[in-house]
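Undergrad: Take a look at the following structure, please.
Residue numbers (this note's numbering): 210 to 372.
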């Protein structure tokens, strides 16, 4: 409104939302109809999905992006965004986690936001996997019932490069 009042042209900026709560994740199919892009805030999404304060030393060990509920939420958000034809990006620690990158690629994540220091290693990882390999890894990872199982599997995959 301020730019319009001043007669300054501003075009038609894209509008997007951060998906950071379980409620937003669940209705991401509906939200995708209203925006041009999603950005998944994994730190808050994980914390709220797990009902765990990651700053509380007594329970922070329960905080894990590898929890099946968190992974299913992320996969659902990405699928809804892709179905609607909008870009889906991710910020937060998971976007540069070497054990998460193969899963995020398999889920179809379009954009990763990370610190400059993580970019080279992440770029190398992105370029080193085939689509079929990523899908096999994601299928296996999504079959586990606990965060510990999923995290261990992804650790072995990243270290050994085998499905």
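From the three backbone atoms N, C-alpha and C, an ideal C-beta is built for every residue, glycine too. Keep in mind that this is a model prediction, so the values were computed, not measured.
(1) With respect to the beta strand (DSSP E) encompassing residue 247, which residues constitute its N-terminal and C-terminal limits?
(2) At what residues does the beta strand (DSSP E) containing residue 191 begin and finish?
(3) Does the separation of the CB atoms of residue 344 and residue 315 fall below 8 Å?
(4) Rounded to a whole number of angstroms, what is the C-alpha to C-alpha distance between residue 368 and residue 329?
(5) Measuring alpha carbon to alpha carbon, tell me which residue in 370, 364 and 356 is nearest residue 274.
(6) Locate the beta strand (DSSP E) running through residue 228, then write down its first and last residues.
(7) Could you give the first and the last residue of the continuous alpha helix (DSSP H) run that contains residue 290?
(8) Check the C-beta distance from residue 279 over to residue 258 and give it rounded, since I have them as a contact under 8 Å.
(9) Just to confirm, are residue 250 and residue 291 a CB contact at a threshold of 8 Å?
(10) Are residue 295 and residue 241 closer than 8 Å when you measure CB to CB?
(11) With a threshold of 8 Å on Cβ separation, who are the neighbours of residue 237 within its own chain once the five nearest residues in sequence on each side are excluded?
(12) Can you check whether the CB of residue 310 is closer than 8 Å to the CB of residue 334?
(13) Are the beta-carbon atoms belonging to residue 218 and residue 252 less than 8 Å from one another?
(14) Could you pull out every unbroken alpha helix (DSSP H) segment of at least 4 residues lying fully inside the stretch 300-346, listed in chain order?
(15) Go ahead and label residue 272 buried or exposed: buried means 16 or more other beta carbons lie within 10 angstroms of its beta carbon, across all protein chains shown.
(16) Output yes or no for whether 8 Å exceeds the beta carbon distance between residue 359 and residue 350.
TA: From the atom records:
(1) Working through the chain shown from its first residue, we reach residue 247 at position 38. Element bounds for residue 247: 246-250.
(2) The structure shown has nothing for residue 191, since the chain only spans 210 to 372.
(3) Stepping through the chain shown from its first residue, residue 344 is reached at position 135. Stepping through the chain shown from its first residue, residue 315 is reached at position 106. In this structure, residue 315 lies closer than 8 Å to residue 344 by Cβ.
(4) Position 159 of the chain shown, counting from 1, holds the residue named residue 368. Position 120 of the chain shown, counting from 1, holds the residue named residue 329. Their Cα atoms are separated by approximately 17 Å.
(5) The residue you call residue 274 lines up with position 65 of the chain shown. Closest by alpha carbon: 356.
(6) In the chain shown, the residue the question calls residue 228 occupies position 19. Counting along the chain, the beta strand (DSSP E) containing residue 228 begins and ends at 225-228.
(7) Taking the chain shown and counting its residues from 1, one reaches residue 290 at position 81. Note, residue 290: alpha helix (DSSP H), 277-293.
(8) The sequence position of residue 279 within the chain shown is 70, counting from 1. The sequence position of residue 258 within the chain shown is 49, counting from 1. About 5 Å separates the two Cβ atoms, so the contact holds.
(9) Here residue 250 corresponds to residue number 41 of the chain shown, with the count starting at 1. Here residue 291 corresponds to residue number 82 of the chain shown, with the count starting at 1. No, the Cβ-Cβ distance between residue 250 and residue 291 is not below 8 Å.
(10) The residue labelled residue 295 in the question sits at position 86 within the chain shown. The residue labelled residue 241 in the question sits at position 32 within the chain shown. A contact, by the Cβ cut-off of 8 Å.
(11) Here residue 237 refers to the residue found at position 28 when the chain shown is read from its first residue. Here the set comprises 228, 247, 285, 286, 289 and 290.
(12) Position 125 of the chain shown, counting from 1, holds the residue named residue 334. Position 101 of the chain shown, counting from 1, holds the residue named residue 310. Yes, they are a contact pair.
(13) As a first step, residue 218 is located in the chain shown; it is residue number 9 there, counting from the start. As a first step, residue 252 is located in the chain shown; it is residue number 43 there, counting from the start. Not closer than 8 Å, so no.
(14) 310-316 and 325-337
(15) Position 63 of the chain shown holds residue 272. Its Cβ being crowded by 16 or more others within 10 Å, residue 272 is buried.
(16) To locate residue 359, count along the chain shown from 1; it is residue 150. To locate residue 350, count along the chain shown from 1; it is residue 141. Cβ atoms of residue 359 and residue 350: closer than 8 Å.
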